[in-house]
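Accompanying notes for the structure given below.
Chains as they are written, first to last, in the working numbering: chain A, 340 to 671; chain B, 8 to 238.
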C-alpha cells in the first residue's frame with residue numbers, strides 16, 4: 340500500500356537513509372529494528388509523508404505521492420513520535436484535534452473522544468493538561484490521539500519507551516484490538532528486539548540507514564513439542580535447536596548473536612547446540628564488531644570482534660563451528 | 008533641573024485640561040500606529056512562519072536580508088519613500104505625500120522586518136514536534152500554523168509589541184513623508200521634536216507622557232490577550 344522506492348534521504352548532505360525498496364502492505368504488522376541513529380525515525384517521517392525524500396519516490400497504492408501531499412492523503416497515515424508532544428490544551432482537546440481538523444461535528448467528536456479515551460483508560464485524564472501527565476500517560480494519549488482519526492497506517496516510533504512492562508502490554512493489546520476491528524497496518528520502530536519479536540509479523544533491520552541483509556538476528560518461528568522436561572528440541576530447517584523452556588506449541592526462538600561462540604572446530608563444552616557449516620558472509624556492523632553469517636543447515640549470525648575474525652581468518656567459504664547454550668535461546 | 012520640573016507641571020496641566028491639540032495628535036498617532044502594526048504584522052508574521060518552516064533555495068539569504076533590514080535607518084527609508092511618493096516618483100499618482108497614509112507606509116516598511124525576523128525566530132523556537140504532530144493528525148496549512156502560533160504566543164505577542172513600539176516611536180520617516188503638518192500629519196514624535204526645537208518644553212514633555220501611556224496601554228492589552236499562560 341505505502342512504499343518507498345529508490346529513496347536516498349540526506350540531511351545537510353549527509354546520507355541518512357538509503358533504501359531501494361521498503362513497503363508497508365495493507366494490514367501488515369511490521370517492526371523496524373535498529374540501533375539509535377540507524378535511520379528508523381527518518382524512515383517513519385518519510386512514510387508519514389511529513390518529509391519528502393531527497394531522491395526517490397513515495398508511492399501510495401502504486402501512485403507517486405506529490406512533493407506536497409494533499410491533506411486527504413496525509414490523513415491516511417499517522418505517526419506517533421518517540422517522545423510525543425501534546426498540543427496546547429486538555430487531553431480531551433488533543434484526542435479530538437485530528438477529528439476537528441477533518442471538519443467533524445462537535446457532538447460526534449465528543450462521542451469519538453469518549454470512546455477512544457475509554458479504550459485506552461484515559462477517561463480520568465480527559466480534563467488534564469500536558470504538564471499534569473507523566474511521560475507514560477503522554478505516550479498513551481498520543482497513541483489514542485493517533486488512532487482516534489482511524490488511519491490506514493499507524494507508525495509508532497518506540498511506542499513503549501516511556502512505559503513499564505504492564506503499560507507496554509496494555510498498549511500492544513489495545514493495538515491488537517484495533518487491528519481485529521478493522522484493517523490497519525502498523526509499523527513499529529524499536530531498538531528493543533524483544534518488542535519486535537513479540538508483536539510483529541514481519542521484522543526488518545535497519546543499520547546505517549540501509550536495510551540490513553541480516554534479518555534481525557536468528558529469529559525462528561517453531562513448534563515446540565509438548566513434554567514435561569525443560570530442555571526441548573525444536574526443528575528449524577535441517578537442524579534441531581536445543582532450548583530450555585516450559586512453553587510448548589507455536590513460539591518464536593531468538594538466538595542472540597553475541598551468545599554464539601565461533602570456533603574452527605567442535606570443542607568439548609556445555610553448549611547443547613553445536614553446528615558445523617561454512618561462512619557465507621562477513622559484515623562489519625559497528626567499529627570493532629563483525630557479524631559472521633554461516634550456513635549450518637540454516638543461516639545463523641554470530642557477532643564477534645574484528646580481532647577474532649582476524650585470528651580465526653574467517654572469510655566466506657571458510658569452515659566454522661557455531662556453539663551456544665540451550666539457555667541462551669530466548670523464547671517469545 | 009528647574010526646567011524639568013516646570014515641564015512636568017505643564018505637562019500635567021495640559022493633560023488634565025484635555026487639550027484638543029494634544030488629543031488630536033495622540034489620536035492620529037494611535038491611528039497610524041494601529042494601522043501600520045496590523046499591516047506589518049499581517050504580512051510579517053506569515054512571512055516569518057514561512058521563513059522558519061519551509062526549506063527552499065535562498066532561505067538563508069532571505070533570513071539574512073530580513074535581519075539586515077532590522078537595522079535600516081528610518082530617515083533612509085523616509086527618503087526612499089519620499090522619492091517614490093513625490094510627484095515624479097513611481098507612486099506619485101497616489102497623491103499620498105504629506106498624508107497620514109504615507110506615514111503608515113513608512114512605518115510598515117520599518118516594522119515589517121521586525122515582524123518577520125522576530126516571528127521567524129519565535130517559530131524556530133517552537134518544538135518542531137508541534138508542527139509535525141498537527142500535520143500528522145491531518146491539519147491543513149493554516150490549522151498547523153495556528154497550532155504552532157499557539158505554542159509561540161508569548162514570543163509572537165512580543166513581536167507585535169515590538170512592531171507597535173517601532174511605529175509609535177518612529178520619527179525619521181514620519182517627518183520626511185508626513186511633513187509634520189499641524190492638524191493633518193503631526194504625530195506625537197514629530198510634535199515632540201518640533202516643540203522641543205521651539206523651546207516649548209512643557210508641551211513636548213506632555214506629548215512624551217502620552218506616548219509612554221499609549222505604549223503602556225497596548226502592552227497591558229496584549230498581555231491580557233495572552234491569557235494566564237496555561238499549557
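Just so you know, even glycine gets a beta-carbon here, dropped at the ideal spot from N, CA and C.
Identify whether residue 232 of chain B lies in helix, strand or coil by the three-state DSSP scheme.
helix
Go ahead and pull the three-state DSSP assignment for residue 208 of chain B.
helix
Touch test, the region 209-220 of chain B against the region 20-32 of chain B, Cβ-Cβ under 8 Å, three pairs minimum:
yes
Can you find a CB in chain B that lies within less than 9 Å of the CB of residue 356 of chain A?
no
When we look at the beta-carbon of residue 107 of chain B and count the other beta-carbons within 10 Å, is it buried (16 or more) or exposed?
Buried is the call here.
I need the straight-line Cα distance from residue 571 of chain A to residue 600 of chain A, nearest angstrom please.
21 Å
Count the other C-beta atoms from every protein chain shown that fall within 10 angstroms of the C-beta of residue 514 of chain A, then say buried if there are 16 or more, exposed otherwise.
buried
Of all Cβ atoms in chain B, is any one closer than 9 Å to the Cβ of residue 436 of chain A?
yes
Cut-off 8 Å between Cβ atoms - residues of its own chain near residue 85 of chain B, not counting five sequence neighbours on either side
113, 179, 180, 181, 182, 183, 184
Three-pair Cβ contact test at 8 Å for the region 117-137 of chain B versus the region 395-403 of chain A
no
I need the DSSP call for residue 542 of chain A, collapsed to helix, strand or coil.
strand
Looking at C-alpha atoms only, which residue of B:128, B:126, B:39, B:144 is the closest neighbour of residue 439 of chain A?
B:144
Spatial neighbours of residue 553 of chain A within its chain, please: CB distance less than 6 Å, with the 5 preceding and 5 following residues excluded, ordered by chain position.
Reliability fails at residue 553 of chain A, whose pLDDT of 49 lies under 50, so the model's placement of it is uncertain and no value is given.
Kindly provide the ranges of any alpha helix (DSSP H) runs that are 4 or more residues long and lie completely inside the region 116-160 of chain B, ordered along the chain.
The region 116-160 of chain B is shown to contain whole alpha helix (DSSP H) runs of 4 or more residues at 135-143, 148-158, in chain order.
Which value, in whole angstroms, describes the spacing of the CA atoms of residue 91 of chain B and residue 357 of chain A?
54 Å
Counterpart residues of residue 169 of chain B in DSSP-defined beta bridges:
Partner(s): none; residue 169 of chain B has no beta bridge.
Closer than 8 Å, Cβ to Cβ, to anything on chain A: give me those residues from the region 140-156 of chain B, in chain order.
140, 141, 142, 143, 144, 145, 146, 147, 150, 154
In terms of residue numbering, what span does the beta strand (DSSP E) encompassing residue 359 of chain A cover?
353-363
Quick one: what does DSSP say residue 447 of chain A is sitting in, helix, strand or coil?
Shown here, residue 447 of chain A sits in a helix according to DSSP, grouped into three states.
Indicate whether the contact test is met: 3 or more Cβ pairs, each with one atom in the region 374-391 of chain A and one in the region 408-418 of chain A, closer than 8 Å.
yes
Min CB distance residue 458 of chain A to chain B below 9 Å
No - not a single Cβ of chain B is within 9 Å of the one on residue 458 of chain A.
So, under 8 Å CB-CB, residue 495 of chain A and residue 419 of chain A are touching, yes? Tell me the CB distance rounded to an integer number of Å.
5 Å
Does the beta-carbon distance from residue 604 of chain A to residue 660 of chain A come in below 9 Å?
Yes, they are a contact pair.
For residue 556 of chain A, the nearest candidate out of A:569, A:563, A:541 (CA to CA)
A:541
Residues near residue 225 of chain B in its chain [Cβ-Cβ closer than 6 Å; skip 5 each side]
171
Taking only beta-carbon atoms, is residue 136 of chain B less than 9 Å away from chain A?
yes
With DSSP as the reference, identify every bridge partner of residue 630 of chain A, one or two as the case may be.
A:622, A:642
Can you determine whether any heavy atom of the ligand HEM sits closer than 8 Å to the C-beta of residue 464 of chain A, and answer yes or no?
In the structure on display, the ligand HEM does not appear, and there are no ligands present to speak of.
In the DSSP output, what is residue 396 of chain A paired with across the bridge?
A:344
For residue 664 of chain A, which three-state DSSP category applies?
coil
Could you work out which residues of chain B lie near residue 689 of chain A, taking near to mean beta carbons separated by less than 7 Å?
Only positions 340 to 671 of chain A appear in the structure, and residue 689 of chain A is not among them; the question remains open.
Option nearest residue 483 of chain A by Cα separation, candidates A:500, A:521, A:436
A:436
Chain A residues whose Cβ lies nearer than 9 Å to that of residue 177 of chain B:
Those do not exist, as residue 177 of chain B stays about 34 Å from chain A at its closest Cβ, beyond 9 Å.
Could you list which residues in chain B have their beta carbon closer than 7 Å to that of residue 387 of chain A, in chain order?
Residue 387 of chain A reaches chain B at 143, counting residues in chain order whose Cβ is nearer than 7 Å.
Exposure of residue 596 of chain A, with buried meaning 16 or more beta-carbon neighbours within 10 Å:
buried
Please classify residue 474 of chain A: does DSSP put it in a helix, a strand, or coil?
In the structure shown, residue 474 of chain A sits in a helix (DSSP, three-state: H, G or I).
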